[in-house]
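A.B. asks:
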Amino acid sequence: MGFFSKIFKKQEPLLHQADLSVLKSDIHSHLIPGIDDGAQTLNESIELLKIFKESGYKKVITTPHVMSDYYRNTPEIINDGLYKLKKEIKSQGIDIALEAAAEYNVEPDFEEIIKNDKVLTFGGKNRYVLIELSFFKEPERLNETIWALNNKEYSPVLAHVERYEYWHKDLDKVTEMINRGVKLQLNIVSLTGAYGPEIKKVANWLVDEKIIDLVGTDCHHSKHLDMLQIARKLPKFHQLISQPQIINSSL
2 MGFFSKIFKK
12 QEPLLHQADL
22 SVLKSDIHSH
32 LIPGIDDGAQ
42 TLNESIELLK
52 IFKESGYKKV
62 ITTPHVMSDY
72 YRNTPEIIND
82 GLYKLKKEIK
92 SQGIDIALEA
102 AAEYNVEPDF
112 EEIIKNDKVL
122 TFGGKNRYVL
132 IELSFFKEPE
142 RLNETIWALN
152 NKEYSPVLAH
162 VERYEYWHKD
172 LDKVTEMINR
182 GVKLQLNIVS
192 LTGAYGPEIK
202 KVANWLVDEK
212 IIDLVGTDCH
222 HSKHLDMLQI
232 ARKLPKFHQL
242 ISQPQIINSS
252 L
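Just so we're aligned, residue 2 is where the sequence shown starts under this note's numbering, counting upward by one.
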């Protein structure tokens with residue numbers, strides 16, 4: 002049984018492919034080659050960007066991991082990679098805008114980055130900062146980190162909120178994040194069941210509650226974009242991108 006067949010053992014009703022130009026921008030991906038667990042070569046990055054363009058996106062805001070134990074990326078490393086990738090995009094005549102921010106792991110080192118104003122943001126004056134949590138347990142200083150971001154007039158965005166399974170039995174935690182000024186980002190492919198049925202169930206709930214602010218591909222490789230094409234036909238994805246609180250198109 003193939004990968005896609007496992008996900009769709011019970012066939013869901015499908016619609017036409019949603020027009021991704023409605024979103025305009027993707028705000029979560031790993032496309033700068035060789036600096037995290039995403040694209041590893043310049044050619045791979047270019048091929049992925051071509052698919053983004055063909056899918057209807059006008060802009061990609063790519064967000065390399067910043068994680069002390071694995072990916073000690075700095076603004077200098079990220080911006081150098083961005084410069085090289087943009088140069089190749091221009092050389093090949095690919096008509097898509099590319100920017101870079103980062104996906105920051107909530108950990109003590111990140112608090113130092115905030116303190117020293119070394120945070121990469123997106124969204125211009127909105128100063129959005131993409132943050133992620135451990136998948137195993139809630140970080141001990143999560144609330145303090147959010148306070149530090151807000152105090153510096155950054156606007157935290159919680160990456161793939163549906164994937165933190167330790168919150169699944171206490172979804173009031175999600176409401177708590179909203180009350181603390183955190184915007185919520187959902188991974189599009191979570192709606193397909195690619196991360197499992199429980200994550201899909203929570204993703205669907207988040208859509209129904211109309212509390213997602215930003216959607217992203219979290220693209221690391223071509224399989225994520227294959228799953229994106231499947232997600233584009235799902236009624237729940239059509240429902241999501243029609244909601245007025247989604248702000249991708251304003252970026």
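Glycine included, every Cβ here is placed at the ideal spot set by N, Cα and C.
Alpha carbon to alpha carbon, what distance is there between A98 and K59?
C.D. replies: Whole-angstrom Cα-Cα distance: 6 Å.
A.B. asks: Would you give the residue range spanned by the beta strand (DSSP E) that K184 belongs to?
C.D. replies: K184 to N188
A.B. asks: Helix or strand or just coil, what does DSSP make of G217?
C.D. replies: strand
A.B. asks: Helix, strand or coil for H239 per DSSP?
C.D. replies: In this structure, H239 counts as helix in the three-state DSSP scheme.
A.B. asks: Considering Cα atoms alone, identify which of H225, V130 and A195 is closest to Y155.
C.D. replies: V130
A.B. asks: Would you mind reading off the limits of the alpha helix (DSSP H) that contains S92?
C.D. replies: Counting along the chain, the alpha helix (DSSP H) containing S92 begins and ends at P76 to Q93.
A.B. asks: Count the other CB atoms within 10 Å of the CB of N74; is the residue buried (16 or more) or exposed (fewer)?
C.D. replies: Around the beta carbon of N74, 16 or more other beta carbons sit within 10 angstroms, so the residue counts as buried.
A.B. asks: By the DSSP assignment, the beta strand (DSSP E) with S156 in it spans what residues?
C.D. replies: S156 to L159
A.B. asks: Out of N205, W206, A195 and V190, state which residue places its alpha-carbon closest to the alpha-carbon of H29.
C.D. replies: V190
A.B. asks: Out of P236, L134 and E163, point me to the one whose CA is closest to L215's CA.
C.D. replies: E163
A.B. asks: Restricting to Cα atoms, I'd like to know which of A102, K25, L49 and Q186 is closest to S314.
C.D. replies: A question about residue 314 goes unanswered here, because the residues of the chain that appear run from 2 up to 252.
A.B. asks: Between the C-alpha atoms of D227 and L21, what's the straight-line distance to the nearest angstrom?
C.D. replies: 14 Å
A.B. asks: According to DSSP, is T176 part of a helix, a strand, or is it coil?
C.D. replies: In the structure shown, T176 sits in a helix (DSSP, three-state: H, G or I).
A.B. asks: Answer yes or no: do L121 and P76 have a C-beta to C-beta separation smaller than 7 Å?
C.D. replies: yes
A.B. asks: According to the neighbour-count rule (16 or more other Cβ atoms, all chains shown, within 10 Å of its Cβ), is G3 buried or exposed?
C.D. replies: Bear in mind that the predicted position of G3 carries a pLDDT of just 46, short of 50, making it unreliable; the figure below should be weighed with that in mind. G3 should be labelled exposed.
A.B. asks: Return helix, strand or coil for K7, following the three-state DSSP convention.
C.D. replies: Residue confidence for K7 is low, a pLDDT of 47 falling below 50, so the modelled location carries little weight and cannot support an answer.
A.B. asks: Return the first residue and the last residue of the beta strand (DSSP E) that K60 is part of.
C.D. replies: Run containing K60: K60 to T63, per the beta strand (DSSP E) assignment.
A.B. asks: Is S6 buried or exposed, if buried means 16 or more other CB atoms sit within 10 Å of its CB?
C.D. replies: Residue placement at S6 cannot be trusted, given a pLDDT of 43 that sits under 50; what the coordinates show is reported in the next sentence. In this structure S6 is exposed. Its beta-carbon is surrounded by fewer than 16 other beta-carbon atoms within 10 angstroms.
A.B. asks: Examine chain D for any beta-carbon lying closer than 7 Å to the beta-carbon of V190, and answer yes or no.
C.D. replies: Absence of chain D from the displayed structure is noted, only one protein chain being present.
A.B. asks: Run through DSSP, which three-state label would H66 get?
C.D. replies: strand
A.B. asks: Could you have a look at Y129 and say whether DSSP puts it in helix, strand or coil?
C.D. replies: strand
A.B. asks: Just tell me which of Y196, D173 and L207 has its CA closest to the CA of L185.
C.D. replies: Considering only alpha carbons, the answer is L207.
A.B. asks: What does a CB cutoff of less than 8 Å around I95 pick up in its chain, not counting 5 residues either side in sequence?
C.D. replies: If the five residues before and after I95 are omitted, its C-beta is found closer than 8 Å to the C-beta atoms of I47, L50, K51 and K54, all from its own chain and listed in chain order.
A.B. asks: Pairs of beta-carbons, one from the region 61-72 and one from the region 97-115, closer than 8 Å: are there three or more?
C.D. replies: yes
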